[in-house]
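*Asks:* Residue numbers (my numbering): 234 to 561. Positions of the beta carbon are idealized from the N, C-alpha and C atoms, including for glycine. The following block contains the structure, expressed as structure tokens.
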């Protein structure tokens, strides 16, 4: 009487196909992106101070307002300088008359050339003193060095100001700079003209476009990153310095690339392998990988369009193992 052979559990598992998911191989566009966080930086920013000391007599700007380049913002007392200017200007007619009379006498050889040159020099010195007085008066005026938004006033009329006294801060917000850092992996792919996308919570995470205009010349040895600055027109002035920029940077773009999910590739004994679905079985294929993104990896060689890559259960597979496709 022959005894019935009962298959072991391991033998049963070997006979039952492994359920797997697959993905057809096809050419697609591969975009390697980096998501970074940066900050908005003003194009120009300066603490406004007087060039001379004195009592502040007038403040002409409104806090938090937009001002044009060259507009008068504040003034310190210039009464003594104005008086000095009037005194000098009053001497001009007499000095010019002396030069005229000495010139006429010189033509008739009735006076020496040295006497003529002396009165002419005195007139020129008088003009120079007038220009100096005007320059000192100009130093009592605080004018906007560029178009921008002026901040909160730090002084009041009647207070005494020196060149170290900050009246307010002027910020140029159009255009606006976006400053961020990239690691060593991306540093060689960023250059002036590179386009970036960014968003900000200031404007409900709407997407904006900007261009890189400057890259730091070296990598920071402490952070192993390189600082980058991009520029955005910010014509409306909606975005403001100091805010956070959420940046998306395209590092690589390949139009016709073969990619597979990251989980489909296995590193084994110094080589990279994937399993293909072929006639109900898994077939091991050695591949050469390229660029890796967050979800996919580029395959440079070993696969071709039309192959079917197994994407799940890869650690349980071996060459020739029966498999059953779960997905269509």
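So residue 378 packs on residue 279, CB below 8 Å; how close in whole Å?
*Replies:* Mapped onto the chain shown, residue 378 falls at position 145. Mapped onto the chain shown, residue 279 falls at position 46. About 6 Å; that satisfies the 8 Å criterion.
*Asks:* Return the Cβ separation of residue 482 and residue 266 in integer angstroms, given the expectation that the two are a contact with Cβ distance under 8 Å.
*Replies:* In the chain shown, the residue the question calls residue 482 occupies position 249. In the chain shown, the residue the question calls residue 266 occupies position 33. Residue 266 and residue 482 do touch by the CB rule: their CB atoms are close to 7 Å apart, below 8 Å.
*Asks:* Candidates 282, 526 and 335: which alpha carbon is nearest residue 418's?
*Replies:* For the purposes of this step, residue 418 is taken as residue 185 along the chain shown, with counting starting at 1. Among 282, 526 and 335, the Cα nearest to that of residue 418 is on 526.
*Asks:* Indicate whether residue 387 and residue 285 have their beta-carbon atoms separated by less than 8 Å.
*Replies:* Here residue 387 is taken as the residue at index 154 of the chain shown, counted from 1. Here residue 285 is taken as the residue at index 52 of the chain shown, counted from 1. Contact: no.
*Asks:* Could you compute how far the alpha carbon of residue 550 sits from the alpha carbon of residue 443?
*Replies:* Position 317 of the chain shown, counted from the start, is the residue given in the question as residue 550. Position 210 of the chain shown, counted from the start, is the residue given in the question as residue 443. Between residue 550 and residue 443, the C-alpha separation is close to 47 Å.
*Asks:* Does DSSP put residue 510 in a helix, a strand or coil?
*Replies:* As a position in the chain shown, residue 510 is number 277, starting the count at 1. Correct three-state label for residue 510: strand.
*Asks:* From residue 409 to residue 446, what distance separates their C-alpha atoms?
*Replies:* Here residue 409 is taken as the residue at index 176 of the chain shown, counted from 1. Here residue 446 is taken as the residue at index 213 of the chain shown, counted from 1. Each residue's alpha carbon lies about 12 Å from the other.
*Asks:* What number of angstroms, rounded off, separates the C-alpha of residue 542 from the C-alpha of residue 497?
*Replies:* For the purposes of this step, residue 542 is taken as residue 309 along the chain shown, with counting starting at 1. For the purposes of this step, residue 497 is taken as residue 264 along the chain shown, with counting starting at 1. Answer to the nearest angstrom: the Cα atoms are 7 Å apart.
*Asks:* Tell me the start and end of each unbroken alpha helix (DSSP H) in the region 289-344 that is at least 4 residues and wholly inside, in chain order.
*Replies:* DSSP runs (the alpha helix (DSSP H)) wholly in the region 289-344: 312-323 and 325-340.
*Asks:* Provide the residue(s) that pair with residue 403 in DSSP beta bridges, ordered along the chain.
*Replies:* Counted from its first residue, the chain shown places residue 403 at position 170. Residue 403 is bridged to 279 and 383.
*Asks:* Which residue from 402, 431 and 252 puts its Cα closest to that of residue 412?
*Replies:* The count along the chain shown starts at 1 and reaches residue 412 at position 179. It is 431.
*Asks:* Answer with buried or exposed for residue 554, where buried requires no fewer than 16 other C-beta atoms within 10 angstroms of its C-beta.
*Replies:* For the purposes of this step, residue 554 is taken as residue 321 along the chain shown, with counting starting at 1. When all chains shown are included, residue 554 counts as buried.
*Asks:* Between which two residues does the beta strand (DSSP E) harbouring residue 251 extend?
*Replies:* One-based indexing of the chain shown puts residue 251 at position 18. Per DSSP, residue 251 belongs to the beta strand (DSSP E) from 251-253.
*Asks:* Does the beta-carbon of residue 423 have 16 or more other beta-carbons within 10 angstroms, so that it is buried, or is it exposed?
*Replies:* Locating residue 423 in the chain shown gives position 190, counting from the first residue. Buried, by the Cβ-count rule.
*Asks:* Check the DSSP bridge columns for residue 430 and list the partner residues they point to.
*Replies:* Taking the first residue of the chain shown as 1, we reach residue 430 at position 197. The partner list for residue 430 (beta bridge, DSSP) reads 442 and 481.
*Asks:* Could you give the DSSP three-state label for residue 362: helix, strand or coil?
*Replies:* Against the chain shown, residue 362 aligns to sequence position 129. Residue state, collapsed to three classes: helix.
*Asks:* Taking residue 332 as the reference, which of 322, 321, 323 and 350 has the closest Cα?
*Replies:* Numbered from 1 along the chain shown, position 99 holds the residue referred to as residue 332. Looking at the Cα atoms, 350 is the closest of the given residues.
*Asks:* At what residues does the alpha helix (DSSP H) containing residue 592 begin and finish?
*Replies:* The first residue shown for the chain is 234 and the last is 561, placing residue 592 beyond what the model contains.
*Asks:* Assess contact between the region 431-440 and the region 498-508, defined as three or more Cβ pairs (one per stretch) separated by less than 8 Å. Is contact present?
*Replies:* With the cut-off at 8 Å, the region 431-440 and the region 498-508 do not touch.
*Asks:* Can you list, in chain order, the residues of its chain whose CB lies under 7 Å from that of residue 546, leaving out five sequence neighbours each side?
*Replies:* Locating residue 546 in the chain shown gives position 313, where the first residue counts as 1. Cβ within range, chain order: 251 and 253.
*Asks:* Rounded to the nearest angstrom, what separates residue 404 and residue 295 at their Cα positions?
*Replies:* By 1-based counting over the chain shown, the position of residue 404 is 171. By 1-based counting over the chain shown, the position of residue 295 is 62. One C-alpha to the other measures close to 14 Å.
*Asks:* Can you grab the Cα-Cα spacing for the pair residue 364 / residue 357, in whole Å?
*Replies:* Here residue 364 is taken as the residue at index 131 of the chain shown, counted from 1. Here residue 357 is taken as the residue at index 124 of the chain shown, counted from 1. The straight-line gap from Cα to Cα measures roughly 11 Å.
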